[in-house]
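Chains as they are written, first to last, in the working numbering: chain X, 388 to 750; chain A, 175 to 255. We put the beta carbon where it would ideally sit given N, CA and C, even for glycine. Every value quoted in this text rests on a predicted model; they were computed, and no experiment measured them. Here the structure comes first, spelled out in structure tokens, and everything after it is commentary.
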Ligand code: SF4
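In structure tokens:
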């Protein structure tokens, strides 16, 4: 067992789709929360394999896509300071701020570095003690343990020249916002398997119960996704609204307790603005006061302005499952991965980019 | 950026709990991975790795369930025909 190829067999995928056709009696709308799943769905053409009754909507689960423009502007402001080494995951460099992106700061001579793991910033901070090293700590619950560990380590080692611009978000409050919206069309959710690998499945029970909606924790390979959809459809057809776990090879009910302990040590729950969506209460993680000396937004203060209103980008509606990327007038015209107007066209996990890359032939 | 992929642990060193590290093989590539969040993981086990950190040990028994489920569907399918 290698945990990859076995989950890509076309024959097995078709079996689930056939089984689904047999039990389905009416149209259902299901949303996959996670951008990684959106990418997999588009890449493997899963929507086309499903019975016509199933419509998939793509959710807000891409941290690059939901980082608010003010945070990008703040990152650009910090990265432009003469004595700063600004470190970030690569996807963030091309996300448009109100005037430019981090990549243009780099092109203009700023020291902006792409890291693959947050652990690298500890090394960079030690190597350049005369510089201020700043890490753009973004991500969902999946990335929170990695970012938390580095912040924890920075304090253990008393690294004075390292700080963090934190824009962590958490998923369940966003699901609540989607479900509570009067425009909501979602009837079943695929919850994000790696988010739940960290946090477990318990947080989803009250949502399933309160909104009477099935929630199936699902993995990322095509076979996982098709099974997740099958399980969701079966619940809908049987009139059940439960939390089920398709991805049990990685997800335990209680999540990963050692990871949760370190998250808890470093972060606390805060309100957080989501790009295009607005503020969602209790939907972010911010530094606890015992770690506030590592807060880059305090070390490099900047007045925040709200500047999203002028953009033609409708990514907020795309992220909430109200519109599909192809319904955006800018899609593929003035907005492409080479010159993106919104973050959902930048990240490969953003719905707009996934549609652009894999639907191009049909345009 | 949320990409997390399975790989096989081929060695473990630095047993200090926070700095537990090891080498993990992904197909043909071997990478150094932080294992602090999988304190019980052993060599030869598969872990899911995200931005340099292993976040879970894959459970073989649970992993088999999908295939037995598939078999059940098939049996029902064949019985119906
Ligand atoms: S196509 Fe571009 S402009 Fe339209 S919603 Fe997507 S990112 Fe925004």
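- Not a single CB atom of chain X sits nearer than 8 Å to the CB of residue 184 of chain A.
- Spatial neighbours of residue 215 of chain A in its own chain (CB-CB distance under 7 Å, excluding positions within 5 residues in sequence) are listed in chain order as 183, 209, 221, 228 and 231.
- Not a single C-beta of chain A is nearer than 8 Å to the C-beta of residue 559 of chain X.
- Cβ-Cβ distances below 8 Å link residue 464 of chain X to 687 and 689 in the same chain, with the five nearest sequence neighbours on each side left out; the list follows chain order.
- Residue 628 of chain X has its alpha-carbon roughly 22 Å from the corresponding atom of residue 239 of chain A.
- Counting along the chain, residue 206 of chain A sits inside the beta strand (DSSP E) bounded by residues 203–208.
- The Cβ atoms of residue 445 of chain X and residue 419 of chain X lie closer than 8 Å to each other.
- Residue range 609–625 is occupied by the alpha helix (DSSP H) that includes residue 610 of chain X, with no beta strand (DSSP E) assigned at that position.
- Any Cβ of chain A closer than 8 Å to the Cβ of residue 402 of chain X would place that residue at the interface, and such an atom is present.
- One thing to note: residue 196 of chain A has its Cβ within 8 Å of the Cβ of residue 186 of chain A.
- Look at residue 447 of chain X here: in three-state DSSP terms it is strand.
- Within chain X, no residue has its beta carbon less than 7 Å from that of residue 218 of chain A; the closest one is some 12 Å off.
- In this model, residue 557 of chain X and residue 399 of chain X are separated by some 33 Å (Cα to Cα).
- Residue range 179–187 is occupied by the beta strand (DSSP E) that includes residue 180 of chain A.
- Beta bridge pairing from DSSP links residue 473 of chain X with X:499 and X:521.
- Taking 8 Å as the CB threshold, residue 461 of chain X stays off the interface with chain A.
- When DSSP states are grouped into helix, strand and coil, residue 462 of chain X belongs to the helix group.
- Taking each of X:679, X:538 and X:722 in turn and checking the Cα distance to residue 698 of chain X, the smallest one comes out for X:722.
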